[in-house]
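Engineer: Residue numbers (this note's numbering): 1055 to 1239.
Let me give you the structure first, and then I'll get to my questions.
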Ligand SMILES: [Zn+2]
Ligand SMILES: [Zn+2]
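Shown next as structure tokens:
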């Protein structure tokens, strides 16, 4: 494991502040990314302020951010599609069960057992996942995207949530709202 720097909220009322976050060393399928840019999504603000506590209570400290663009720093021994120096991006999810019909169809964004990029149980380290308001993140290559080098990297970051959501949004049935469908982005 190693320490990365992050912007972290300690409570629903505290401002984001510089903190240290523990990241796992890359396993054989992981990509370690030096984060260069991270967009600010409205979801980050709701989550940090625990405004979704009825459906997705925030675990503190909370490190949001799921519009991540950076450069590959290290790869695990079995990683095939990335090498150090490549541009890379991570969006709203960092894992899924990979066994359900949606996953098998390549539609992991519809998986009911996905691991979101922050504030979801971390299968590797315990606790919860921590997002892209940080200088480094480690993600399975299956959930890492390539970024064309001719894109403006800061401009590309919002494509990872806001952009992709307009392309294939995930309908989300809020459990507390009596069946009202809402699109979570
Ligand atoms: Zn699945
Ligand atoms: Zn978002």
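Backbone N, C-alpha and C define an ideal beta-carbon position, used for all residues, glycine too.
Predicted, not measured: the structure shown is a model, and the values here were computed from it.
Count the other CB atoms, across all protein chains shown, that sit within 10 Å of the CB of residue 1186; report buried if there are 16 or more and exposed otherwise.
Structural biologist: It counts as buried.
Engineer: State yes or no: is the C-beta of residue 1178 nearer than 7 Å to some heavy atom of ligand 2?
Structural biologist: Checking the Cβ of residue 1178 against ligand 2 gives no.
Engineer: Output the residue ranges of the beta strand (DSSP E) runs that lie fully inside the region 1149 to 1210 and measure 3 residues or longer, sorted by chain position.
Structural biologist: Runs of the beta strand (DSSP E) inside the region 1149 to 1210: 1190 to 1194.
Engineer: Can you tell which of 1156, 1174, 1057 has the C-alpha that lies nearest to the C-alpha of residue 1120?
Structural biologist: Measuring from the Cα of residue 1120, the nearest candidate turns out to be 1174.
Engineer: What is the residue span of the alpha helix (DSSP H) that residue 1098 lies within?
Structural biologist: 1096 to 1102 is the span of the alpha helix (DSSP H), which, as asked, contains residue 1098.
Engineer: Under 6 Å Cβ to Cβ from residue 1082, same chain only, skipping five residues before and after it: list those, please.
Structural biologist: These residues qualify, in order along the chain: 1130, 1131, 1132.
Engineer: Short of 8 Å in beta carbon distance, which residues of its chain neighbour residue 1078, apart from the five on each side in sequence? Order them along the chain.
Structural biologist: Correct list, in chain order: 1055, 1084, 1178, 1179, 1192.
Engineer: By a C-beta neighbour count over all protein chains shown, 10 Å radius and 16 as the cutoff for buried, is residue 1195 buried or exposed?
Structural biologist: So residue 1195 counts as buried.
Engineer: Could you tell me if residue 1220 is buried or exposed, where buried requires 16 or more neighbouring beta carbons within 10 angstroms of its beta carbon?
Structural biologist: By the 10 Å Cβ count, residue 1220 comes out exposed.
Engineer: Rounded to whole angstroms, what is the Cα-Cα separation between residue 1171 and residue 1066?
Structural biologist: Cα-Cα distance, rounded: 19 Å.
Engineer: Among all the DSSP beta bridges, which residues are the ones paired with residue 1142?
Structural biologist: Paired residue(s): 1124, 1200.
Engineer: Does DSSP put residue 1117 in a helix, a strand or coil?
Structural biologist: In this structure, residue 1117 counts as coil in the three-state DSSP scheme.
Engineer: Can you list, in chain order, the residues of its chain whose CB lies under 6 Å from that of residue 1062, leaving out five sequence neighbours each side?
Structural biologist: Result list for residue 1062: 1073, 1115, 1117, in chain order.
Engineer: What does the alpha-carbon distance come out to for the pair residue 1136 and residue 1095?
Structural biologist: Roughly 26 Å between the two C-alpha positions.
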